[in-house]
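*Asks:* Have a look at the structure that comes next, please.
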């Protein structure tokens with residue numbers, strides 16, 4: 028499980044940087060992107076084992092990025108991060124190919140559990 | 330708030346906050362004005378018409394009643410004139426046809442008298458008077474030969490005017506009769522006079538032929554106001570007539586007067602053309618105007634009845650009208666309030682969602698920072714105050730978790746509710762909800778009384794939403810009750826389309842002011858720990874399900890919530 032490549036995509040760099048550091052402390056290799064373009068760049072340079080993608084982002088929204096990702100990398104596991112408890116975004120995202128969703132603020136243990144569940 | 334201004338412009342009277350008393354007064358005023366206006370526009374024309382009709386009928390009817398009287402009087406007068414004219418002609422014929430020589434002989438006069446009496450009615454006797462006024466010959470029942478008439482005024486009058494018809498008098502015969510005399514200028518003497526007396530019984534017959542009503546009277550009077558015929562009510566022949574005949578000698582005259590007994594009568598005086606008689610026709614007003622009085626009272630009753638009927642109709646119809654207006658005003662007000670409320674809910678929902686979302690990001694950062702702090706501290710065993718800091722970070726994270734709960738509830742409130750209908754038994758849903766709350770009410774020794782309708786129809790609704798609704802209301806009830814209180818839950822079929830649920834507690838109850846706001850978001854009485862969203866969400870769900878929710882409450886007595894749910898959701 029350690030040394031898994033994880034890509035975090037969220038416009039709040041304070042949030043992803045901290046989360047990335049915590050995950051690195053737990054042995055993950057974490058990359059971050061603060062918008063869709065950056066995320067697509069990172070993916071083009073090499074695919075991670077799993078992507079965590081924020082739904083609510085300025086510019087290209089999370090769901091649109093998800094569509095792009097799924098168009099290019101159909102089997103790449105993506106988990107959505109949402110600020111809403113609503114199932115709406117979650118369901119929409121899952122229809123578009125996301126594996127699951129987490130509600131922010133997230134519990135890091137739950138996040139790791141999701142990775143374990145979804146990465147072989 | 331723009332919506333508020335708009336509503337005030339739309340209908341200021343309804344949406345400005347008025348007290349119930351002011352409202353009632355307003356409708357009373359409306360009704361009073363309507364009643365007054367409608368009464369005025371109906372009763373005034375009716376009254377005017379009634380008055381005009383009254384006067385027209387009165388004058389028309391009087392004419393209709395009086396003119397036949399005049400006609401009858403005039404006809405009778407003509408009959409009298411014809412009769413007297415005929416008698417005068419008879420006497421004049423004898424005076425011309427027979428010479429004085431014949432008339433002077435006893436046999437001759439007797440013969441003529443017999444023929445006269447046989448052929449014409451009423452002759453009593455016949456006499457010949459010479460130029461000295463001495464009756465020289467006489468045919469009749471009395472012995473009046475040699476009677477001297479030279480001192481009598483009629484004798485001189487006949488000598489001047491040629492003819493004479495006397496008033497009725499008793500004379501020697503002691504029964505009423507009149508005398509007709511004609512002047513004959515023949516022979517040596519300065520004019521003879523042929524004089525006949527006529528029985529006036531015939532006058533009474535003529536009057537009888539008028540076929541008078543039993544209460545009417547007719548009689549002849551002379552210039553001096555003496556009765557010339559018997560009157561039914563006003564004396565015998567030759568007595569003084571109690572009425573004053575109008576002056577003048579021609580035509581007829583109608584007057585209203587009072588008879589000696591004070592009875593109002595209508596009198597018709599008809600003067601004879603050549604004689605000094607007047608025919609008087611007396612009719613009691615009460616009899617003659619009986620038709621008018623009947624008509625008048627009928628008109629009066631019709632008027633009173635119509636007026637009463639109109640007033641009743643006005644009262645009833647304005648009552649109904651004002652009631653309908655009031656109901657529709659109330660419905661409009663209610664609809665507006667509901668609209669306002671749902672707009673409020675949705676705008677607050679949007680605001681809440683925005684705020685919650687914005688707060689979520691910093692919360693997530695705080696959460697991660699604290700998490701990182703904790704991670705770092707845990708990984709450095711020699712960190713001073715290690716345990717203290719770990720506790721502090723855990724405390725920060727648990728506060729973040731609380732904040733997360735709040736934002737999630739706010740978001741939940743704003744979230745569109747997706748309703749999934751299924752057929753369910755409300756009694757079962759209630760029982761299930763009670764199992765969630767069982768621990769709490771048993772612990773607090775609260776008695777829960779269930780009065781669930783045994784054959785409550787199943788309804789089509791959303792199980793999860795209904796659970797939420799019941800949970801909210803029953804939790805509120807438990808919160809409102811001191812230990813040892815009671816909650817009573819009742820279900821029944823309200824009508825063909827609706828079932829009803831009441832949840833009653835004997836808790837602290839609410840003031841009227843609180844009642845007004847309980848379904849508003851963020852309104853809470855649970856200071857410090859309520860979000861004020863529970864009942865607003867409940868309200869929203871019930872409305873979404875097509876139902877209705879009502880609440881009654883009295884301070885220190887308790888609160889009852891009524892829920893009305895449709896058996897089948899409206900499409």
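Protein chains in written order, with our numbering: chain A, 28 to 147; chain B, 330 to 900. Even glycine gets a Cβ: it sits at the ideal position worked out from N, Cα and C. Small disclaimer: the values here were computed from a predicted structure and weren't measured.
Any idea which residues DSSP pairs residue 454 of chain B with across the strands?
*Replies:* Looking at the DSSP assignment, residue 454 of chain B forms a beta bridge with B:526.
*Asks:* Report the rounded CA-to-CA distance for residue 523 of chain B versus residue 497 of chain B, giving the unit in angstroms.
*Replies:* Distance between the alpha carbons of residue 523 of chain B and residue 497 of chain B: 18 Å.
*Asks:* Check each candidate in B:633, B:412, B:605 and B:584 and name the one with the smallest Cα separation from residue 613 of chain B.
*Replies:* Checking every option, the nearest Cα to that of residue 613 of chain B belongs to B:584.
*Asks:* Between the alpha carbons of residue 145 of chain A and residue 82 of chain A, how many angstroms are there, rounded?
*Replies:* Distance between the alpha carbons of residue 145 of chain A and residue 82 of chain A is about 19 Å.
*Asks:* Can you pull the chain B neighbours of residue 46 of chain A, defined as C-beta to C-beta under 7 Å?
*Replies:* Simply 697.
*Asks:* Listing by chain order, which chain B residues have their CB less than 8 Å from the CB of residue 42 of chain A?
*Replies:* Going along chain B in sequence order, the residues near residue 42 of chain A (Cβ under 8 Å) are 690, 693, 694 and 697.
*Asks:* Note down, in chain order, all residues in the region 121 to 134 of chain A with a beta-carbon under 9 Å from any beta-carbon belonging to chain B.
*Replies:* Here the close residues are 130, 131, 132, 133 and 134.
*Asks:* Out of B:704, B:732, B:702 and B:817, which has the shortest C-alpha to C-alpha gap to residue 759 of chain B?
*Replies:* Out of B:704, B:732, B:702 and B:817, B:817 has the C-alpha closest to the C-alpha of residue 759 of chain B.
*Asks:* Can you list, in chain order, the residues of its chain with a C-beta nearer than 6 Å to that of residue 59 of chain A? Leave out the 5 residues immediately preceding and following it.
*Replies:* Here the set comprises 35, 43 and 47.
*Asks:* DSSP puts residue 767 of chain B in a beta bridge; with which residues?
*Replies:* Its beta-bridge partners do not exist; DSSP assigns none.
*Asks:* Can you give, in chain order, each stretch of the beta strand (DSSP E) that sits fully within the region 775 to 852 of chain B and has at least 3 residues?
*Replies:* Fully enclosed beta strand (DSSP E) runs of 3 or longer: 776 to 780, 788 to 790, 815 to 822 and 827 to 834.
*Asks:* DSSP on residue 555 of chain B, reduced to helix/strand/coil?
*Replies:* Strand.
*Asks:* Pull out every residue of the region 708 to 740 of chain B whose Cβ sits closer than 9 Å to any Cβ of chain A, in chain order.
*Replies:* From the region 708 to 740 of chain B, only 708, 726, 729, 730, 732, 733, 736, 737, 738 and 740 have a Cβ closer than 9 Å to chain A.
*Asks:* Listing by chain order, which chain A residues have their CB less than 8 Å from the CB of residue 824 of chain B?
*Replies:* Those within 8 Å of residue 824 of chain B in chain A number zero; the least Cβ separation is about 36 Å.
*Asks:* Between the region 839 to 850 of chain B and the region 759 to 768 of chain B, do at least 3 Cβ pairs fall closer than 8 Å?
*Replies:* Segments in contact, no.
*Asks:* When burial is assigned at 16 or more other CB atoms within 10 Å of the CB, is residue 535 of chain B buried or exposed?
*Replies:* Flag for residue 535 of chain B reads buried.
*Asks:* Going along chain B in order, which residues have a C-beta closer than 8 Å to the C-beta of residue 39 of chain A?
*Replies:* Correct list: 690, 693 and 694.
*Asks:* Buried or exposed: which applies to residue 374 of chain B, given that a residue is buried once 16 or more other Cβ atoms fall within 10 Å of its Cβ?
*Replies:* Residue 374 of chain B comes out exposed.
*Asks:* Closest Cβ-Cβ distance between residue 53 of chain A and chain B: below 9 Å?
*Replies:* True, the Cβ-Cβ gap to chain B drops below 9 Å.
*Asks:* Can you tell me which residues form a DSSP beta bridge with residue 466 of chain B?
*Replies:* Per DSSP, B:457.
*Asks:* Span of the alpha helix (DSSP H) holding residue 110 of chain A?
*Replies:* Counting along the chain, residue 110 of chain A falls outside any alpha helix (DSSP H), and DSSP gives it neither H nor E.
*Asks:* Out of B:880, B:625, B:821 and B:776, which one is the CA nearest neighbour of residue 386 of chain B?
*Replies:* Ranking the options by Cα distance to residue 386 of chain B, first place goes to B:625.
*Asks:* Does the beta-carbon of residue 487 of chain B have 16 or more other beta-carbons within 10 angstroms, so that it is buried, or is it exposed?
*Replies:* Under this definition residue 487 of chain B is a buried residue.
*Asks:* Give the straight-line distance between the Cα atoms of residue 529 of chain B and residue 395 of chain B, rounded to the nearest whole angstrom.
*Replies:* So the two alpha carbons sit approximately 28 Å from each other.
*Asks:* Considering only residues of the same chain and omitting the five flanking positions on each side of residue 891 of chain B, which have a CB-CB separation below 6 Å?
*Replies:* Counting only Cβ-Cβ distances below 6 Å, and skipping sequence neighbours, we find 831 and 879.
*Asks:* Return the CA-CA distance between residue 666 of chain B and residue 90 of chain A, expressed in angstroms with no decimal places.
*Replies:* Whole-angstrom Cα-Cα distance: 39 Å.
*Asks:* Which same chain residues, not among the five before or five after residue 368 of chain B, have their C-beta less than 7 Å away from its C-beta?
*Replies:* Closer than 7 Å at the Cβ level, and outside the excluded window around residue 368 of chain B, lie 640 and 643.
*Asks:* Within 8 Å, do at least three Cβ pairs link the region 604 to 613 of chain B to the region 543 to 552 of chain B?
*Replies:* In short, these stretches touch, since the Cβ pair count reaches three.
*Asks:* What would DSSP say about residue 714 of chain B, mapped onto helix, strand or coil?
*Replies:* Here residue 714 of chain B sits in coil by DSSP.
*Asks:* Ordered along the chain, which non-local residues of its own chain (more than five positions away) have a Cβ less than 6 Å from that of residue 390 of chain B?
*Replies:* Closer than 6 Å at the Cβ level, and outside the excluded window around residue 390 of chain B, lie 621.
*Asks:* Does the Cβ-Cβ distance between residue 695 of chain B and residue 729 of chain B come in under 9 Å?
*Replies:* Yes.
*Asks:* Hey, would you say residue 686 of chain B sits closer than 9 Å to residue 110 of chain A, going by beta carbons?
*Replies:* Against a cut-off of 9 Å, the Cβ pair of residue 110 of chain A and residue 686 of chain B comes out as a contact.
*Asks:* Over what stretch of residues does the alpha helix (DSSP H) that includes residue 155 of chain A continue unbroken?
*Replies:* In this structure chain A extends from 28 to 147, so residue 155 of chain A is not present and cannot be described.
*Asks:* Would you mind giving the Cβ-Cβ distance between residue 807 of chain B and residue 838 of chain B, rounded to the nearest angstrom? I have them listed as a contact below 8 Å.
*Replies:* So it is not a contact: roughly 14 Å between Cβ atoms.
*Asks:* So residue 848 of chain B packs on residue 789 of chain B, CB below 8 Å; how close in whole Å?
*Replies:* Going by Cβ atoms, the distance from residue 848 of chain B to residue 789 of chain B rounds to 24 Å, so no, they are not a contact pair.
*Asks:* Is residue 887 of chain B helix, strand or coil when you go by DSSP?
*Replies:* Residue 887 of chain B falls in the strand class under three-state DSSP.
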